[in-house]
Structures are given as C-alpha cells and as structure tokens.
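> Chains as they are written, first to last, in UniProt numbering: chain A, 1 to 303; chain B, 1 to 303. Questions regarding the structure given below will be posed in turn.
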DNA sequence: AAGCATGATGAATGGTGCTCATGTTGAGAG
DNA sequence: CTCTCAACATGAGCACCATTCATCATGCTT
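What follows is the structure, encoded as structure tokens:
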C-alpha cells in the first residue's frame, strides 16, 4: 500500500517545492509523480498536499508522512550501509582531488562523516594530482575529482553536488560597493584577480565578461583565497568567487560581495569513475557530500 | 533496492521457519519468495539466511534486516493508522460475537489495545446474538464473529487467527492422568462433558472419536468452562478443550491435560463481512488480535 | 491577450514481480 | 542403498502497473 518510493517522492517534493523539480530529483517525469501521488491520495483517502500554492503546502496527513519518511529512510540507509559493510570485504579506496580552490570547508566535514561510516575505505587527498586531476582519474590514479567544469570523458560521470552563485568581491570602500550588482562594463577599468587557470574555465569570463565583450584593465593571479582577499580588501583589485568561498570574509565585513549582472550561477560536480558508481560506499559518499555541503553552506546568504 | 515487501517476507520467514509456510503468510507462492530472496541477496551481495537448516537460520546480514523490519514496519503501521484516522471521519462500528466459549482471555486485551488506536470506532459484544451469530453477520447486525467452525457463506470471509491443540482434561487422580496422550478407545467408558452444541461442531467427535467409531459411555453438557472444570476435577467426567482454555487450570494443577492421539489441532477464525475487509481499522483489528493472542497464549505449553 | 510554467489526464508501453511447471537436493524410512 | 517425500531452486511465460509520451487545463506574468 504505502511504499518507500512514496516517501522519497514526498521528501523530494518538500525540498523542491514543485512537482516538476521534485520529479527531477527522483529521476522521474512530472507525470509519473502526478499519477503516483494521486493514486496514493486515493488509496489513503486523504489529500496530502495543496497544489495551488508555491511552494506546495502539505496537509496534516502529508506532514505525518513526511515525518514518517524522515524517521524511516535514514534507518534504511543505515541498514543498507551495515549490510554493504558485511558483504564487502572488498577494501575500497577513495582518492580525490579538488579542482575548486576553496572546497575544504564542506569537504572536510564530509570526509569526517564518511570515515565514520566506512572505516575500511582508504580516504585520501593525495597532492601531486592538482595539475591534471581528470587525466589521473582516467588513469585510475584517482577515484573522484571535485570540479565546476565538466569535460566529457569516457569512463567518467559527472554527478552534480550543488549550485552556487559566483559573486564579485570588492573592497569595502570601493566605488561599486554600494551597488547590489555590477554590469560587465563596470569592470573595464578594474584589476581582476583570478586563480591561475585558463580563462575559459572561469565563469566570470565565460558567462559574464565575454558575452558582453568586455575585458578588465588588468588581470593578475593568486594561488590562495586568503591572498586574493588581502589584495581585494586593500583595493588592489576585484575577484569573482563562489558565494560560499566568500562567506566568512563577508560575515567579517572584510570585503563586499556583489552579484554579477542578474546573478551568475554554477554547479559543482563530482567527477567519478564509472566503475565506482553504484557501489554502496560511493553512493553514500555522494549523498553525504550533498547533505553536508547543504548544511555547511545553507547559512551562506547571497550579499 | 531494498523494499518493504522484502522486510515483510523476512519477518514471515523468521516466524514460519520455512519458505513454504512463509509464502502462505504473505499470500504468495513459495516460488515467489525464492525468487524474491535470491534477487535481494544478489543485489545486497550477501546471503541472508541458511536454507539447509530447519527452521532456517539467519546470517548476521539477515538479522540486521530483521531488526530493521521490526523497527520500521510498526512505524509504517502507526503512520497509516494516523492517516486513516485523519481521512476517515466515517464512524466505524465493530460489533462482535464469540462462538468459542473461552476466548475472553485474549479477546479482552485485544479490544483494549484496539480501542486505544481507534477511539472513534464503536466496539461492542452485544449479547443476544450468541445463538445464531453467523446469521446475524449475514444480516449486518454483527460485523465479526470468532469461531472455530467455518461455514461457507456468501459475503463472509474467514480469516485465520491462530492454531491450537484440543486437549483432554481429566482429574489428577484419573487412571489416564499418567499417560501423555489418550486413544479413542480410552474414552468408551468415560463421561464426556461438552458445551451444548451439535456434535459435528466439536473436534473431539469429528477428528477423534468418529473416525475411530467410538462413543463415550455418557455425554453431558455444561455452559461454562469453570463448571466443566469442577466436574472434571471431581472425577465426574472428562472434557476436551483448547489448550489455552485449559492453561490456567493446568498451571494451578487443578486438572491434567492429555493429547488426543497424536494431537488434534484446530484453527480459530474471525468471520468477517467482506465489505469491512480492507478497511484500515478492520485490518488493524485482525492484526492486533493475532499479535495479542500470540502474546497471551504463547506461555501456554501443551501438557 | 499572449506567453510560460505547472499540474492533470488518458493511452500506450516496458519492466518486473508473480505463477506455473518442473528440476534438484537432502533427510528419513524401509 | 534406493525410494519417497518435502522443501527449495529454476526457467519460461504472463499480467499487472508504474512510467512515459502527448496533450490539455489552469494560473501567473508581462
């Protein structure tokens, strides 16, 4: 009668707010969800949510099922993990590299949690692959790479982790600081500070400056986020970073953050070797990564 | 991957001890269960139980899933009950009659529990239908009848509650009391005390005496179990009763209990109006009855 | 009023979970 | 040792139903 998939659907619906997006999350069509929920409501004899509102609002019955889902689904995951551990004496390995330069704030707690669940998996972030991590992935020297720039490669799948806004950091006393957002032209007299990578892998260029055919007056690079922040704060340039990378500097009012145009958004992916996808521990890592990053970054408010 | 039906199957398997009987309990074929469990074990990558032993023995993985099932399935039931209550303002009614003369010891706790879960259902055991309860069921004056003698009737379904052994009660000093069981011939010089119903509705006759073509010397009847016990204890006759009806007298060593031949077993049924089957509260009542009777009667040891 | 997004609906389809029929295994009896 | 019986495994076929596709209805935005 009541099935696990119903619970998953309802959770997805609550998190998504609409059938269309909930459908994406559970990898089904909107139609499927509509049918599924209609059937369920008929069988239970009670409406579960109100469709007219946005985001959808749950009835008391719906809320009861949501709370059931939150009780029960974790128990299932735990059991499945336990079983997988009992089954798998297969020593797994999870060696990763990070292409995104400031992921540690959510990656470290993720790894900590994961180690708890899978003590026998060897987790490491070996240095030495920071130059060409995707190639190392292809050569099976690595198992997972965190990146914002998916590049089609055979044997590698890109799993989206979360979306974020790319924002411009400027000094507090900067002329632009009073505006809520900047236009491309605003940057033509600025010094832009970037990580030392090709321009076509930076969303400021591909999604913001190049479409408007604007170039900043000067471009200089810095390896580390702290360094960039110092330069920005002292008025020697501006830089574009993920909102969550800026978060701590914004909260300390060290720099100011501005949207790029109407907002430039990007998605962070985990590039994973296909042969590892589907193993319970890899699935669990990806889920943990999503959950943890959500928790850690959800305090991050744009601007 | 892991589904609710798997958990139900595993619980049934544990309670039944074999695939064949477990299949009955979940209303599937043995083949279905074999397939289902094989698939599951393959997907999990771990064996769940050992088939060669009888009753089957569970591996650690199997036990883990059993414990999951015991955590999770009750939570589902509770949620479904809550939802059914929210949905159903439909005042239900549960009027019952008892054809078996000593069911109160497990029926009362059952009713108590049920009332907790379904306060708005009107539960009653109206007197006045003790004569022809099944007819009253057909006339919709009753909703459920507890009986050990299913009689085919349109619109009525018989739901098995539990199996029990019919045992012979004899006085402590009775000649037969030293034996573990009696043969039909042993009764041809005895006075048999029975409830005042037709002989063909008593298993002592249909399953024990008549097949051997034996009649007791004398037959007398009594309305109440206590009365029968007094007669038996004082050596004025013997009687055949369900083991659980005898239990309290046996434990007080008031009478002795003997198996009839290799053991005569019967099943107690709930006769239910078909239109009520499938309503959540009726399903819940039947489940509660089975569980409660099991708990109450499981202390009852034969002889 | 047009355009867009969301949800509903009905028909068609494909997957899969079940049954049926049969094969295999193991235990107990003669 | 073999016969038998019960329990479980296995493969093929089938039926159901969850899902998809195509389309329609509705409401909000511009």
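Backbone N, C-alpha and C define an ideal beta-carbon position, used for all residues, glycine too.
So that I know if they touch, is there some Cβ in chain B lying closer than 9 Å to that of residue 224 of chain A?
Not one chain B Cβ lies under 9 Å of residue 224 of chain A.
> Residue 376 of chain B CB to nearest chain A CB: under 9 Å?
For chain B, the structure presents residues 1 to 303; residue 376 of chain B sits outside this window and is missing.
> Kindly say whether residue 287 of chain B, judged by its beta-carbon, lies nearer than 9 Å to any beta-carbon of chain A.
It does not: the Cβ of residue 287 of chain B has no partner Cβ on chain A nearer than 9 Å.
> For residue 193 of chain B versus residue 144 of chain B, is the C-beta distance shorter than 9 Å?
In this structure, residue 144 of chain B does not lie closer than 9 Å to residue 193 of chain B by Cβ.
> Within 10 angstroms of the Cβ of residue 62 of chain B, are there 16 or more other Cβ atoms? Answer buried if so, exposed if not.
So residue 62 of chain B ends up on the buried side.
> What residues are listed by DSSP as bridge partners for residue 162 of chain B?
The partner list for residue 162 of chain B (beta bridge, DSSP) reads B:268.
> How long is the line joining the alpha carbons of residue 67 of chain B and residue 1 of chain A, rounded to whole angstroms?
Each residue's Cα considered, the two are about 21 Å apart.
> Could you pull out every residue in the same chain whose Cβ sits closer than 7 Å to the Cβ of residue 124 of chain B, ignoring the five residues on either side in sequence?
Here the set comprises 95.
> Could you spell out the range, first to last residue, of the beta strand (DSSP E) harbouring residue 124 of chain A?
122-124 is the extent of the beta strand (DSSP E) around residue 124 of chain A.
> For residue 14 of chain B versus residue 82 of chain A, is the C-beta distance shorter than 9 Å?
No, they are not a contact pair.
> Any beta carbon of chain A sitting closer than 9 Å to that of residue 72 of chain B?
Yes, because at least one Cβ of chain A sits closer than 9 Å to the Cβ of residue 72 of chain B.
> As a quick exercise: from A:196, A:167, A:243, pick the residue whose alpha carbon is nearest that of residue 261 of chain A.
The residue with the shortest Cα to Cα distance from residue 261 of chain A is A:167.
> Would DSSP call residue 224 of chain A helix, strand or coil?
In the structure shown, residue 224 of chain A sits in coil (DSSP, three-state: anything other than H, G, I, E or B).
> Name, please, each residue of chain A whose Cβ falls closer than 7 Å to the Cβ of residue 86 of chain B.
Near residue 86 of chain B (Cβ distances below 7 Å), the residues of chain A are 46, 60, 61.
> Kindly indicate which three-state DSSP category residue 239 of chain A falls into: helix, strand or coil?
Three-state DSSP puts residue 239 of chain A in a strand.
> If you scan the segment 40-82 of chain B from start to end, which runs of the beta strand (DSSP E) of 3 or more residues do you find wholly inside it?
The qualifying runs do not exist here; there are none.
> Which residues share a DSSP beta bridge with residue 218 of chain B?
According to DSSP, residue 218 of chain B bridges with B:191.
> Can you give the beta carbon distance from residue 136 of chain A to residue 142 of chain A, rounded, assuming they're within the 8 Å contact cut?
Yes, residue 136 of chain A and residue 142 of chain A are in contact; Cβ-Cβ is about 4 Å, under 8 Å.
> Between A:75, A:209, A:195, which lies nearest to residue 189 of chain A when the distance is taken from Cα to Cα?
Nearest C-alpha to residue 189 of chain A: A:209.
> Please confirm whether residue 118 of chain B and residue 265 of chain B have their CB atoms less than 9 Å apart.
Not in contact: residue 118 of chain B and residue 265 of chain B (Cβ atoms no closer than 9 Å).
> Is the Cβ-Cβ distance between residue 287 of chain B and residue 8 of chain B less than 9 Å?
Cβ atoms of residue 287 of chain B and residue 8 of chain B: not closer than 9 Å.
> Output needed in chain order: residues of the UniProt domain "HTH lysR-type" (2-59) of chain B with a Cβ under 7 Å from some Cβ in chain A.
Answer set for the UniProt domain "HTH lysR-type" (2-59) of chain B: 2, 3, 4, 44, 45, 46.
> Report yes or no: is there a C-beta of chain A within less than 9 Å of the C-beta of residue 91 of chain B?
Not one chain A Cβ lies under 9 Å of residue 91 of chain B.
> In three-state DSSP terms, what is residue 147 of chain A?
If DSSP states are grouped into helix, strand and coil, residue 147 of chain A belongs with the strands.
> Just to make sure I have the definition right: I need the residues of chain A whose C-beta is within less than 8 Å of the C-beta of residue 162 of chain B. Which are they?
Those within 8 Å of residue 162 of chain B in chain A number zero; the least Cβ separation is about 24 Å.
> Take residue 277 of chain B and list the residues in its own chain whose beta-carbon comes closer than 7 Å to its own, dropping the five residues that flank it on each side.
Closer than 7 Å at Cβ, skipping near neighbours: 157.
> Over the uninterrupted beta strand (DSSP E) stretch that includes residue 94 of chain B, give me the two end residues.
Per DSSP, residue 94 of chain B belongs to the beta strand (DSSP E) from 93-98.
> Identify the residues that DSSP records as bridge partners of residue 257 of chain B: which are they?
For residue 257 of chain B, which the question treats as bridged, DSSP gives the partners B:169.
> With a threshold of 9 Å between beta carbons, is residue 295 of chain A in contact with chain B?
Not an interface residue.
> When you compare the segment 18-35 of chain B with the segment 94-108 of chain A, are there three or more beta-carbon pairs, one atom per stretch, that lie closer than 8 Å?
Too few Cβ pairs lie closer than 8 Å, so no.
> Are there 16 or more other CB atoms within 10 angstroms of the CB of residue 160 of chain B, so buried, or fewer, so exposed?
Exposed is the call here.
> So is residue 301 of chain B buried or exposed if we call it buried at 16+ other beta carbons inside 10 Å?
Residue placement at residue 301 of chain B is flagged as unreliable, the pLDDT there being 44, under the threshold of 50; the coordinate-derived value follows with that caveat. Its Cβ having fewer than 16 others within 10 Å, residue 301 of chain B is exposed.
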